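In this note's numbering, the protein residues as written are 72 to 294.
Below is one structure, written out as structure tokens, with a few remarks after it.
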């Protein structure tokens, strides 16, 4: 028996094939995920940093460290564990990590500017200490940090300087003095996070002195 297809039937078939093709392409795009699922970078007592990163299944990583920074090379391969831990030093008051992936998914690098820990009695107070920055599974960044007693953070965005600012103000702190905040990095834009310590404004004679802000390490840059 011969089958006859009307023009409407042919058009319907073509639309169906096109839809399947587009859906397949979309599925392939969605399935192409980053080889890096998440990571956390934490300060250690000796002034170094502990990097813990979690990989997708079938991915392995190699660490290459130089005086210019650290590279984490992500490639297809077998790994005994999906989570790897590395100890990285602070070099010239800076730690820099770049993630190099074999697939086309770009992974932002991170750079932290900080000061080395010293036992000198003349060292100024560390207002920000014991901090951790993490890339979460949803693509956002979480910053956890501790402050001295009677200091609390206020979060703001400086539009002129295009940066996130955490202003430390004297006030009643919580029981643990530990805080956390989530940040969103937009594609093609740098996520810059700085700490500023606020000094109360005061009046000197008849002249009022405006509030002053002192930068406090660390400063974080995520490309």
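Note that the Cβ used here is the ideal one computed from N, Cα and C, for glycine as well.
Here the structure is a predicted model, which means the values were calculated and not measured.
When the cut-off is 9 Å and only beta carbons count, does residue i lie next to chain B?
i           : result
residue 152 : This model lacks chain B altogether; it includes just one protein chain.
Does the distance from the CB of residue i to the CB of residue j come in under 9 Å?
i           : j           : result
residue 248 : residue 208 : no
residue 182 : residue 140 : yes
residue 239 : residue 199 : yes
residue 168 : residue 159 : yes
residue 166 : residue 112 : yes
residue 136 : residue 124 : no
residue 126 : residue 154 : yes
residue 106 : residue 130 : yes
Exposed or buried, residue i, counting other C-beta atoms within 10 Å across all chains shown (16 or more means buried)?
i           : result
residue 283 : exposed
residue 202 : buried
residue 145 : buried
residue 230 : exposed
residue 86  : Per-residue confidence for residue 86 stands at a pLDDT of 45, beneath the threshold of 50, marking its modelled position as unreliable; no derived number is given.
residue 170 : buried
residue 151 : exposed
residue 120 : buried
Return helix, strand or coil for residue i, following the three-state DSSP convention.
i           : result
residue 138 : coil
residue 232 : coil
residue 247 : coil
residue 202 : strand
residue 197 : coil
residue 208 : coil
residue 120 : strand
residue 172 : strand
residue 293 : strand
residue 213 : strand
residue 102 : Interpretation of residue 102 is limited by its pLDDT of 38, a score under 50 that renders its predicted location unreliable; the figure taken from the coordinates is listed afterwards. Three-state DSSP puts residue 102 in a helix.
residue 150 : coil
residue 224 : strand
residue 186 : coil
residue 256 : coil
residue 287 : strand
residue 132 : strand
residue 115 : coil
Just to check my reading of the structure: residue i and residue j have Cβ atoms closer than 8 Å, yes? What is that Cβ distance to the nearest angstrom?
i           : j           : result
residue 226 : residue 252 : 6 Å
residue 206 : residue 212 : 6 Å
residue 255 : residue 179 : With a Cβ gap of about 12 Å, residue 255 and residue 179 do not count as contacting.
residue 176 : residue 104 : 7 Å
residue 286 : residue 250 : No, residue 286 and residue 250 are not in contact; Cβ-Cβ is about 18 Å, not under 8 Å.
Is the number of C-beta pairs between the segment 219-237 and the segment 252-269 that are closer than 8 Å three or more?
yes
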